[in-house]
Each structure stands twice: as structure tokens, then as C-alpha cells.
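Enquirer: I have a structure I would like to understand better, so I am pasting it below and will then ask my questions one at a time.
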């Protein structure tokens, strides 16, 4: 297991409390001692880390660029795209942000057959403002009071996931990104609907459309069809939720992330 | 002792000798088992060596959690992705893979810094079309160990373990009548 991890000190970096913190807490949850190290570099969308004496880069870009690739160090990339990054040597897929408090990762009692709620609790904002507003308007128009769009704290969000029929997720920074909210719901075993996601897990595995989540067109025009399918097949929704949770447990839990880093840094993975 | 742990004598010998040759070097076990894992863990502890186990079946591996210094999982279908670039004094290859796949694994490990590789179930290699002679293209030393059963004196020799190395000739560690050096 990984013993020691060094990350840059907090000098007010924009994403320190999110992306840096996620990496640090995941390594801590895997049993590593995480400390700040002098001289470790921050880059535009990445930072330098030292893992049991080996230098590496953590790239947290939401977009497809890869930071600090010119350094030639192994790079662990949050939003790895097989299509765009698959040919880059020494760049390894890593988990995007999921949880900070790992004690929260317990399966919900997800029972879609007993529910009529359609969860779509995402703040319209940034690059996703128009898309999210349009989807919310469409859901409210078609499903009225059965749509739950209330923004609450995280715990409330997770519990409402457990009570919903299905969660509709509109990706944020780009139309095919796996957002934290959707990943959390998947981890908790909830059936989600989104456009096809460009996400690569450890060992270059993917989340499988139709198996780990349901898909709709990028413009959400066929979303009602997917929702009707779930209404008629709640057991399938439950199976999809279970499958998503299994993928998360297998490929994105802290112990797996730490193992993956060791495998890539020590044994080499090609 | 049953017929499963036919690698144990070689495994213990290699663990002790590599600890003497390269003090502090790591012990790598691919897979885990009732006999090998506790023994290697004990030798590793006594010699101050880090032991790493790589497994594919975590349910099986859970039985040996008390022995592990470090356990990593490689999913069944992902072994060909791993070239084993690390540095170890020895490696016991007794994982869930078919012997033909272990054979391919061993070839990839030839470039790694590993003192001696112990390959279990080597007797099954021929039936899978694998020839230990071919390993000479990858390893300077290829030694096959046999086991002579007293109830069939002199004739029946079951070859169970192969030793591979680019760093040391392990043949002198065993009785001459017990080994076959591949040339």
C-alpha cells in the first residue's frame, strides 16, 4: 500500500479545496500519510505529487487538455478520454471527483418501483446553464410535481437519490462529462440518465451505456422515452443502479485508486 | 502436505538464497495460497523484506489478509498490460492464470529487475504448447525442478517448478539429481 504522498501546499490555488483535496483525502482513505511538500509545482490544470518517493502529475482538467505533459512524468488524469488520450504514453486514467467524506459511500435503499420522483437537482450555471434550464423546463412541463429539482445539502441530495425513480443528469463543463453529482448517485446505486459519457475508469474501463446508466440524446429530446422505459421497468432501473455501484466499487474507491497508482508507478501498466 | 504445494521446497530455497544474495530485496508473489503465502510472509519478515502479492481473486485473497505486506489486484483479463517493471529479489508465479499465460507473463518479466522467478505448475507447460527451451531466449538461466516419488523409484519424475533468472544460476541451490538445466 502507498505509505506517503506529498502534494503542493495551499497557496490559495483556485481548485485546492476541491481537486487537490479530493486526491489527498482519497489517498488518506487508502491509508497513506498525506503531507504538503516544499517545491512541488502547480500548473494550470494539474499539480505535482510525490508518491512513496516517485514524482507524478495529477491532472484535474474538466476538459480534454493534459497539463504538464512535457515533463515526461506519469500523469493521472481525472477526466481521461480513451479517444483523445489513449495514445499518450504515461497518461493514466484516474477518478474524477466523487466523494470527500468516504464514510458517506454506503448503498442507499434504492427502490425505484416504489417511487414516482424524477430527480434533477442540479444548479443551472456556467457552461451548463442553458442545457440544465431547458431540461428542467421540459421535465416540469411533462411531469409536473413528480420532478424534484430542489437544491439541498449533499446528504439531502443523496437521500433523495435513494427515493427517486430515476435521476436525470445534465453534464456541466461539457455535454459528455461525468459530473460529481451523477458519479455520486451511481456510487450509491441509483439509476441515472444522461447523454453518453466520455469517461474512462481504471484499467481503461468505461461506464457502459445501458448497463451502468441509461442514455439519451445530447439534446435530451428523447428523455421522456427513457423515463417511460424506467417507469415500466423499475427492476431494470434497480439493476442498472447496482451495476453502476459495482463499477464504482471496483474501479473508483480509494483503495483501488491507490492500488492503481502503485501498479502504474511500480510495475508499469501499458 | 498435499500435492498442491509442490513448489514449496523451491520457493523456500529461493526465498532464503535471494535474501542472502540481495538483502532487503522485495518478495513478489503472484497469487496467494495456503502454503506459500504464510511461509513467504514469515521469511520476508525475518529477513526484513517487503512482500507484495498481486491477485485477481480478492475473495480468495481475503483469507490471507493477515499475511500481506502489500496486496494489489490485477483483473483477470489485464495481466498482459503489466510488464512488471519493478525490482524484486524473487517472484513466485502461482497465480490464477493458465500456465500458458504465466509463460507469457514470465517473458515480459525478463526485462525487469527480478533476481529469480519461480514458476509453479511448469509440468503443464508442454501440454499447452509451451517449451521451456524457448525461455532461453529471455533468460540466461532456466532450471527445471522435479520431484521423485519414492513409491516409483527411479523412473517417475514429475516436473513442477521452473526457475528463471538473468542474475544468478539457481541450479547449485538444489541436489543435482533433482534438477534439469535447460540449455
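Residue numbers (our numbering), protein chains in the order written: chain A, 1 to 270; chain B, 1 to 183.
The beta-carbon is built from N, C-alpha and C at its ideal position, and this holds for glycine as well.
All values reported here derive from a predicted model rather than from experimental measurement.
(1) Find the residues of chain A that neighbour residue 81 of chain B, judging by a C-beta separation of less than 8 Å, and give them in chain order.
(2) Over what stretch of residues does the beta strand (DSSP E) that includes residue 73 of chain B continue unbroken?
(3) I'd like to know whether the C-beta atoms of residue 19 of chain B and residue 55 of chain B end up nearer to each other than 8 Å.
(4) Starting from residue 76 of chain A, trace the alpha helix (DSSP H) both ways and give me its first and last residue.
(5) Please go through the segment 127 to 176 of chain A and give each complete alpha helix (DSSP H) segment of 4 or more residues, from N-terminal end onward.
(6) Check whether chain A comes within 8 Å of residue 156 of chain B, counting only Cβ atoms and requiring the distance to be less than that.
(7) Would you kindly work out how many angstroms separate the C-alpha atoms of residue 104 of chain A and residue 151 of chain A, rounded to a whole number?
(8) Threshold first: 4 residues or longer. Then list the alpha helix (DSSP H) segments lying entirely within the segment 48 to 127 of chain A, N to C.
(9) Once DSSP output is grouped into helix, strand and coil, what is the label at residue 95 of chain B?
(10) Take residue 53 of chain B and list the residues in its own chain whose beta-carbon comes closer than 6 Å to its own, dropping the five residues that flank it on each side.
(11) What's the gap between the Cα of residue 116 of chain A and the Cα of residue 26 of chain A?
(12) Tell me the start and end of each unbroken beta strand (DSSP E) in the segment 182 to 235 of chain A that is at least 3 residues and wholly inside, in chain order.
(13) How is residue 6 of chain B classed by DSSP in three states: helix, strand or coil?
(14) Can you have a look at residue 239 of chain A and say buried or exposed, based on whether 16 or more other CB atoms are within 10 angstroms of its CB?
(15) For residue 30 of chain B, would you say it is in contact with chain A, using Cβ-to-Cβ distances shorter than 8 Å as the test?
(16) Answer yes or no: do residue 132 of chain B and residue 13 of chain B have a C-beta to C-beta separation smaller than 8 Å?
(17) For residue 127 of chain A and residue 224 of chain A, what's the separation of their Cα atoms in angstroms?
(18) Note down, in chain order, each residue of its chain lying with its Cβ closer than 8 Å to the Cβ of residue 8 of chain B, except the 5 sequence neighbours on either side.
(19) With a threshold of 8 Å on Cβ separation, who are the neighbours of residue 93 of chain B within its own chain once the five nearest residues in sequence on each side are excluded?
(20) Evaluate the contact criterion for the segment 202 to 216 of chain A versus the segment 241 to 248 of chain A: three or more CB pairs, one atom per stretch, below 8 Å.
(21) Just to confirm my understanding: we take residue 93 of chain A, look at its own chain, exclude 5 residues before and 5 after, and list those with CB closer than 7 Å. What are they?
(22) When you check each C-beta in the segment 249 to 268 of chain A against every C-beta of chain B, which residues fall closer than 7 Å?
(23) How long is the line joining the alpha carbons of residue 45 of chain A and residue 198 of chain A, rounded to whole angstroms?
(24) Figure out for me which residue from A:61, A:49, A:179, A:208 has the closest Cα to the Cα of residue 132 of chain A.
(25) For residue 76 of chain B and chain A, any beta-carbon pair shorter than 8 Å?
(26) Hey, does residue 73 of chain B have any beta-carbon neighbour from chain A nearer than 8 Å?
(27) Once DSSP output is grouped into helix, strand and coil, what is the label at residue 269 of chain A?
(28) Any beta-carbon of chain B closer than 8 Å to the one on residue 1 of chain A?
(29) With residue 75 of chain A and residue 40 of chain A assumed to form a contact (beta carbons below 8 Å), what rounded beta-carbon distance in angstroms separates them?
(30) Under 8 Å, Cβ to Cβ, is there at least one residue of chain A near residue 64 of chain B?
(31) Hey, quick one: how far does the alpha helix (DSSP H) through residue 256 of chain A stretch, first residue to last?
(32) Pull up the distance between the alpha-carbon of residue 99 of chain B and that of residue 112 of chain A, whole angstroms please.
(33) For residue 27 of chain A, report the span of its alpha helix (DSSP H) as first-last.
(34) Grouping DSSP H, G and I as helix and E and B as strand, with all else coil, what is residue 145 of chain B?
(35) Output needed in chain order: residues of the segment 85 to 114 of chain B with a Cβ under 7 Å from some Cβ in chain A.
(36) Going by C-alpha distance, which of A:5, A:4, A:55, A:86 is nearest residue 206 of chain A?
Expert: Quick answer:
(1) 203, 269, 270
(2) Residue 73 of chain B -> beta strand (DSSP E) spans 70 to 73.
(3) no
(4) Note, residue 76 of chain A: premise wrong, no alpha helix (DSSP H); beta strand (DSSP E) at 75 to 77.
(5) 129 to 143, 154 to 162
(6) Residue confidence is low: residue 156 of chain B scores 45 on pLDDT, short of 50, so the model does not pin down where it sits. No coordinate-derived value is stated.
(7) 19 Å
(8) Within the segment 48 to 127 of chain A, complete alpha helix (DSSP H) segments of at least 4 residues are found at 82 to 85, given in chain order.
(9) coil
(10) 29, 32, 68, 71
(11) Just so you know, the alpha carbons of residue 116 of chain A and residue 26 of chain A end up roughly 35 Å apart.
(12) 192 to 194
(13) Assignment of residue 6 of chain B by DSSP, reduced to helix, strand and coil, places it in the coil class.
(14) exposed
(15) no
(16) no
(17) 23 Å
(18) Only 1, 35, 36, 39 meet the Cβ criterion.
(19) These residues qualify, in order along the chain: 30, 31, 102, 105, 106, 117, 118, 119, 120.
(20) Counting C-beta pairs with one atom in each stretch, the segment 202 to 216 of chain A and the segment 241 to 248 of chain A have three or more that are closer than 8 Å, which means they touch.
(21) Excluding residues within five positions, the ones whose Cβ falls inside 7 Å are 77, 80, 200, 201, 202, 204.
(22) Answer set for the segment 249 to 268 of chain A: 259, 262, 263, 266, 267, 268.
(23) 19 Å
(24) Nearest of A:61, A:49, A:179, A:208 to residue 132 of chain A, Cα basis: A:179.
(25) no
(26) yes
(27) coil
(28) yes
(29) The Cβ separation is near 15 Å, so there is no contact.
(30) no
(31) 254 to 262
(32) 46 Å
(33) Residues 21 to 29.
(34) strand
(35) Residues 85, 86.
(36) Checking every option, the nearest Cα to that of residue 206 of chain A belongs to A:86.
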